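In this note's numbering, the protein residues as written are 8 to 282.
The structure appears right after this line, and notes come after that.
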Amino acid sequence: MLGTAWRKLLEAKDIPYRTAALPEFDITDPNAIKKFVTPGIGVVINCCAYTNVDGAEESEDMATLVNGTGVGYLSEACCQAQALLVHYSTDYVFNGNASEPYKVDGPIEPCNAYGRSKAEGEREIRDHDCQYLILRTSWLYAPWANNFVLTIAKLAKEKESLQVVDDQRGRPTSAEHLAAASLKLIEEGARGTLHVTDGGECTWYDFAKVIAEHANPACKVEPCGSEQYPRPAVRPAYSVLDLGPTEAIIGEMPSWQTNLNNVLNQIGHKEAQEV
Ligand SMILES: NC(=O)c1ccc[n+]([C@@H]2O[C@H](COP(=O)([O-])OP(=O)(O)OC[C@H]3O[C@@H](n4cnc5c(N)ncnc54)[C@H](OP(=O)(O)O)[C@@H]3O)[C@@H](O)[C@H]2O)c1
């Protein structure tokens, strides 16, 4: 999802880039990494990850290999090539029990196996001490790939009503906004760990209501508790990431309603073209 957003952004801005993906590029294979991360490359943007949050509960070794050990290999290659490593992490590195936004330097206490694997990736990068920018984000969505916005839009067209959890609060993030904000941070010379999400905060129910209203206003969205949809991995009740340091560098983040509206319009436009 995020890799596509980056590709589109770099093309639109006419910035030269090279992509690397499976099967040629496997982050768990140091030799494969060395073929791509060579001296002269200025910036390496790592959008790859093991992202199956529930799957990680049963396959934590695999999640840790990709999100932890592999990120260590990439950090090593970036150190050697003297490239800036831009890496993405997650709100799930926090415990999810807070009642105010998680600060960038808040205590790392992952709430599930995926969070542990991503925390391991952060640790690997910091231990290597190359030039890095770790950007934690949350609730990613885009007009492409599999994500909550596309799923709810589809379900709203198929069903008369939907139940969506109203006891998990966080910050949605448009992948296009994330890529654009990342580029601004790189251009401003930002380093270290920062948070990038859409502005504002909401529950999944609040988020779904706006999506369904756009896709099919006749579909009724009702709130429910997480206990009605048990999942293998624990989800945080509260995962709002503090945006203060990021906004001090690149200005206020657009609200999630603004970014969502932009994505919904693109989806509508694509559907109209398909008809
Ligand atoms: N999605 C969210 O809500 C969310 C929230 C917080 C943070 N993040 C973070 O944001 C970043 C981007 O997430 P996303 O949702 O855009 O991810 P995504 O769509 O799931 O894409 C992940 C990519 O990583 C590739 N990949 C998996 N294992 C690999 C390996 N061993 N070597 C090379 N590539 C590999 C996958 O390839 P295949 O498709 O071929 O398997 C896929 O293209 C990730 O770091 C993620 O942890 C995401």
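Idealized CB from N, CA, C, for every residue including glycine.
All of these numbers come straight from a predicted model, not from anything done at the bench.
Item to check | alpha helix (DSSP H) segments (min. 4 residues) lying fully within the stretch 58 to 137 | outcome: Qualifying alpha helix (DSSP H) stretches, in chain order: 62 to 65, 67 to 71, 77 to 88, 120 to 135.
Checklist entry - Where do the N-terminal and C-terminal ends of the alpha helix (DSSP H) with L162 fall, by residue? => result 155 to 165 is the extent of the alpha helix (DSSP H) around L162.
Next on the checklist: Taking 6 Å as the limit between beta carbons, can you name the residues of its chain near L91, skipping five residues before and five after?
Outcome noted: Cβ within range, chain order: V50, Q138.
Checklist entry - In terms of alpha-carbon separation, which member of I257, I274, D249 lies closest to V111? => result By alpha-carbon distance to V111, the top candidate from I257, I274, D249 is D249.
Checklist entry - Does DSSP put Y245 in a helix, a strand or coil? => result Note: Y245 maps to strand in three-state DSSP.
Item to check | Spatial neighbours of S145 in its chain, beta-carbon cut-off 7 Å, leaving aside the 5 residues before and after | outcome: Exclusion of the five residues before and after S145 leaves T97, D98, G177, R178, T180, T204, S246, L248 as the residues of its chain whose Cβ lies within less than 7 Å of its Cβ.
Item to check | Simplified DSSP state of N266, which is helix, strand or coil | outcome: Collapsing the DSSP output to three states places N266 in a helix.
Checklist entry - Roughly how many whole angstroms lie between the Cα atoms of C86 and S124? => result Rounded to the nearest whole angstrom, the CA to CA distance from C86 to S124 is 22 Å.
Next on the checklist: With three or more C-beta pairs closer than 8 Å as the rule, is the stretch 104 to 123 touching the stretch 159 to 170?
Outcome noted: Segments in contact, no.
Next on the checklist: Do A244 and A63 have their beta-carbon atoms positioned less than 8 Å apart in this structure?
Outcome noted: No. Outside cutoff.
Checklist entry - In three-state terms, what does DSSP make of N53? => result N53: strand per DSSP, three-state reduction.
Checklist entry - Should K216 go down as buried or exposed, given a rule of 16 or more other Cβ atoms within 10 Å for buried? => result By the neighbour-count rule (16 or more Cβ atoms within 10 Å), K216 is buried.
Checklist entry - Leaving out five residues before and five after I141 in sequence, what residues of the same chain have Cβ atoms less than 7 Å from its Cβ? => result Setting aside the 5 residues that flank it on each side, I141 is surrounded in the same chain by H94, S96, E129, I132, T200, each with a C-beta closer than 7 Å to its C-beta; the list follows chain order.
Checklist entry - Is there at least one non-hydrogen atom of ligand 1 closer than 7 Å to the beta-carbon of V73? => result Yes, the Cβ of V73 comes within 7 Å of a heavy atom of ligand 1.
Checklist entry - Do you know how far the Cα of A105 is from the Cα of E116? => result C-alpha separation (whole angstroms): 11 Å.
Item to check | Boundaries (first-last residue) of the beta strand (DSSP E) holding I141 | outcome: Taken as a continuous stretch (DSSP letters only), the beta strand (DSSP E) holding I141 covers 139 to 144.
Checklist entry - What three-state label does DSSP hand G258 in the structure shown? => result Under the three-state reduction of DSSP output, G258 falls in the coil class, being neither helix nor strand.
Next on the checklist: Quick check: does the Cβ of A219 come within less than 7 Å of any heavy atom belonging to ligand 1?
Outcome noted: Relative to ligand 1, even the nearest heavy atom lies 7 Å or more away from the CB of A219.
Checklist entry - So what's K15 in DSSP terms, helix, strand or just coil? => result DSSP, reduced to helix, strand and coil, places K15 within a helical segment of the structure shown.
Checklist entry - Helix, strand or coil: how does DSSP classify Y236 here? => result Assigned with DSSP and collapsed to three states, Y236 falls in coil, not helix or strand.
Next on the checklist: Looking at E67: is its Cβ nearer than 8 Å to the Cβ of A126?
Outcome noted: No, the Cβ-Cβ distance between E67 and A126 is not below 8 Å.
Checklist entry - Are C54 and G122 close, meaning C-beta to C-beta below 8 Å? => result No, the pair does not count as a contact, with Cβ atoms beyond the cut-off.
Next on the checklist: Is any non-hydrogen atom of ligand 1 found closer than 7 Å to the C-beta of D205, if you look at the structure I gave you?
Outcome noted: Every heavy atom of ligand 1 is 7 Å or more from the Cβ of D205, so no.
Checklist entry - In angstroms, rounded to a whole number, what distance separates the CA positions of A255 and I193? => result A straight-line Cα-Cα distance of about 14 Å links A255 and I193.
Checklist entry - Can you find a C-beta in chain B that's less than 8 Å from the C-beta of G103? => result Annotation note: the requested chain B is absent from the structure, which comprises a single protein chain.
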